[in-house]
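Shown next, in structure tokens, is the structure this report addresses.
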Amino acid sequence: MNDEAPETPAAEPATTLSSPSSGRPAPVSPEEKENRNWALIAHVSSLSSFIGIPGFIGPLVVWLAKKDELPFASEQAKEALNFQISLFIYGVICVVLVMTVIGALIGIPGLIALVVVEVVFTIIASIKAGEGKAYRYPMTIRLID
3 MNDEAPETPA AEPATTLSSP SSGRPAPVSP EEKENRNWAL IAHVSSLSSF IGIPGFIGPL
63 VVWLAKKDEL PFASEQAKEA LNFQISLFIY GVICVVLVMT VIGALIGIPG LIALVVVEVV
123 FTIIASIKAG EGKAYRYPMT IRLID
């Protein structure tokens, strides 16, 4: 004869998709998903410079194609485009420095640093775009506004 009541499991708190404690992201509308995807494409396409296509071509195409219909993608494509133009300018400066004896000590490491900077910041920007967050590249000359 046991007078103890049987244990009942504790009720778990209800969670929703938008709840920060659930660990799952909030649902995204198809329009927002398209906006994020095009912003992501704008950033990732700039890495085409490693296969011989100028890095500014991808962001330029995305910006021209989507500037009137997808505001977030347009903004991020302009940001990626400005970053690629800035890197090109910095690269030209490094190449000019390489042509001088003293400048070679600065120019060659500068070119290597530009490649690392391009890859790292492009990956960060791509992740942020996928999350729907705007990213501003550092060291960027904002020529296209």
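Residue numbering for the sequence shown follows our numbering, starting at 3 and increasing by one per position. Here a beta-carbon is modelled for each residue, glycine too, at the ideal position from N, C-alpha and C.
Exercise. Could you tell me which of Tyr139, Ala127, Ile43 and Ser31 sits nearest to Ser88, measuring between CA atoms?
Key: Walking along the sequence shown from the start, residue 88 turns up at place 86. The alpha carbon of Ser88 has as its nearest neighbour, out of Tyr139, Ala127, Ile43 and Ser31, the alpha carbon of Tyr139.
Quiz item: Comparing alpha-carbon positions, which option in Arg26, Met141 and Ala127 lies nearest Glu77?
Solution: One-based indexing of the sequence shown puts residue 77 at position 75. The option with the nearest alpha carbon to Glu77 is Ala127.
Practice problem: For Pro61, count neighbouring Cβ atoms within 10 angstroms of its own Cβ and tell me buried if that reaches 16, exposed if not. | Solution: Counted from its first residue, the sequence shown places residue 61 at position 59. So Pro61 counts as buried.
Practice problem: Determine the contact status of Val64 and Ile43, defining contact as a CB-CB distance below 8 Å. | Solution: For the purposes of this step, residue 64 is taken as residue 62 along the sequence shown, with counting starting at 1. For the purposes of this step, residue 43 is taken as residue 41 along the sequence shown, with counting starting at 1. A contact, by the Cβ cut-off of 8 Å.
Quiz item: Around the Cβ of Gly57, are there at least 16 other Cβ atoms within 10 angstroms (buried) or fewer (exposed)?
Solution: Counting from one through the sequence shown, the residue named residue 57 turns up at place 55. Burial call: buried.
Quiz item: Skipping 5 residues on each side, what residues in its chain have a beta carbon closer than 8 Å to that of Leu116?
Solution: Counted from its first residue, the sequence shown places residue 116 at position 114. Setting aside the 5 residues that flank it on each side, Leu116 is surrounded in the same chain by Leu89, Tyr92, Gly93 and Cys96, each with a C-beta closer than 8 Å to its C-beta; the list follows chain order.
Quiz item: DSSP three-state call for Ile114: helix, strand or coil?
Solution: Taking the first residue of the sequence shown as 1, we reach residue 114 at position 112. Of the three classes helix, strand and coil, the one that applies to Ile114 here is helix, per DSSP.
Quiz item: So which of Ile59, Val100 and Lys80 has the shortest CA-CA distance to Ile143?
Solution: Here residue 143 corresponds to residue number 141 of the sequence shown, with the count starting at 1. Comparing Cα positions, the closest option is Lys80.
Quiz prompt | Reduced DSSP secondary structure (H/G/I, E/B, other) of Lys69 | solution = Locating residue 69 in the sequence shown gives position 67, where the first residue counts as 1. In this structure, DSSP gives Lys69 a state outside helix and strand, which the three-state scheme calls coil.
Quiz item: Can you tell me whether DSSP reads Pro32 as helix, strand or coil?
Solution: Taking the sequence shown and counting its residues from 1, one reaches residue 32 at position 30. Looking at Pro32 - three-state DSSP - the assignment turns out to be helix.
Quiz item: If we ignore side chains and look at the alpha-carbon of each, how far apart do His45 and Asn37 end up?
Solution: Taking the sequence shown and counting its residues from 1, one reaches residue 45 at position 43. Taking the sequence shown and counting its residues from 1, one reaches residue 37 at position 35. Rounded to whole angstroms, His45 to Asn37 spans 13 Å at the Cα level.
Quiz prompt | Backbone CA spacing between Ile1 and Val100 [nearest angstrom] | solution = The displayed coordinates of the chain run from 3 to 147. Any statement about residue 1 would go beyond what the structure contains.
Quiz item: Are the beta-carbon atoms of Ala82 and Trp40 separated by less than 8 Å?
Solution: Counting from 1 along the sequence shown, the entry for residue 82 is found at position 80. Counting from 1 along the sequence shown, the entry for residue 40 is found at position 38. For the pair Ala82 and Trp40, the CB atoms are not nearer than the 8 Å cut-off.
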